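Novice:
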Amino acid sequence: MSKSIELLVKLHNPKCVSVETLGRGGAALLYQDQIICAFAKAESEYMFGYHLLMCKYRQDPFSREFVNSYIESWCEDRGFPEHSAEAMKCVVDMVCDLPLPSQIKHIKALRKRYLRSQYAYLPTIEKVNKIAEENGLSINGAEARQLRVREINELRKSNTCPRCRGTGVVGRVQKRECPECRGKGQLRANIYHLMKSIDCTEAYFKRYLLALVVDFERHCYEDMSGAERVIKQRLNKEISD
């Protein structure tokens, strides 16, 4: 996912864009109707991928409801085995950088330990302010404030490592790899987290679900990439016209 499209999705509600223009260095390049049309085209061509983008970057409940219904219909139509829908919903969580049920207890403990200070969110705020300035947004403007709120909420809900706040490193003077996430910045779920979350044995999972999970994960990323590509192409066309 390119940073420009990620920022666009985070800043704009496709159903009601409140920001009049989006530009770099204060130059007005895109108007709200152009942005809405780009999102609408992506939704019409890659509906599943579009709603995955909304789940990942806006935590949109309507989109998550659509994704869950899509999964249940897909499993029912194809007669997939028991646990299939649960496994695929966990795959969506993994794709959207959300913790699986089997990770919640551990991540909550880390958040309680590392995010309880009033200064815990300062690195995140500084990072967002830098992104805002790079994209021509005033750090005191409504868009930058919205972005800060969204990033802080992500830190509280996503699988972003609470200890390093997604940087992958810890230490103020002598930087070193974060021991909690091993330098990745996220506490990513693995197959064993998935198996524990859906309460199935390793033998059952490998025999009936592994191939399905791998194929569905690929399908998720392909559709998300397709939706992103449509948004990019439409906006590039609007800018060049």
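When the count follows my numbering, it moves up by one through the sequence shown with no breaks and lands on 814 for the last residue. Ideal placement from N, C-alpha and C gives every residue a C-beta, glycine not left out. Keep in mind that this is a model prediction, so the values were computed, not measured.
1) Please confirm whether alanine 537 and alanine 784 have their CB atoms less than 7 Å apart.
2) Tell me the residue span of the alpha helix (DSSP H) that contains phenylalanine 639.
3) Out of curiosity, what's the CA-to-CA distance linking isoleucine 812 and arginine 802?
4) What three-state label does DSSP hand glutamine 747 in the structure shown?
5) Can you tell me where the alpha helix (DSSP H) with cysteine 793 in it begins and where it stops?
6) Let's test the definition: count the other Cβ atoms within 10 Å of the Cβ of alanine 682 and tell me whether it reaches 16, buried, or not, exposed.
7) Can you give me the C-alpha to C-alpha distance between alanine 658 and isoleucine 804, rounded to a whole angstrom?
8) At which residues does the alpha helix (DSSP H) containing cysteine 628 begin and terminate?
9) Is DSSP giving threonine 733 helix, strand or coil here?
Specialist: Walking through what the data contain:
1) The chain is shown only over 574 to 814; residue 537 falls outside these bounds and no answer can be derived.
2) 634–651
3) 15 Å
4) coil
5) In the DSSP annotation of this structure, the continuous segment of the alpha helix (DSSP H) that includes cysteine 793 starts and ends at 783–813.
6) So alanine 682 ends up on the exposed side.
7) Spanning the two alpha carbons is a distance of roughly 29 Å.
8) 620–631
9) strand
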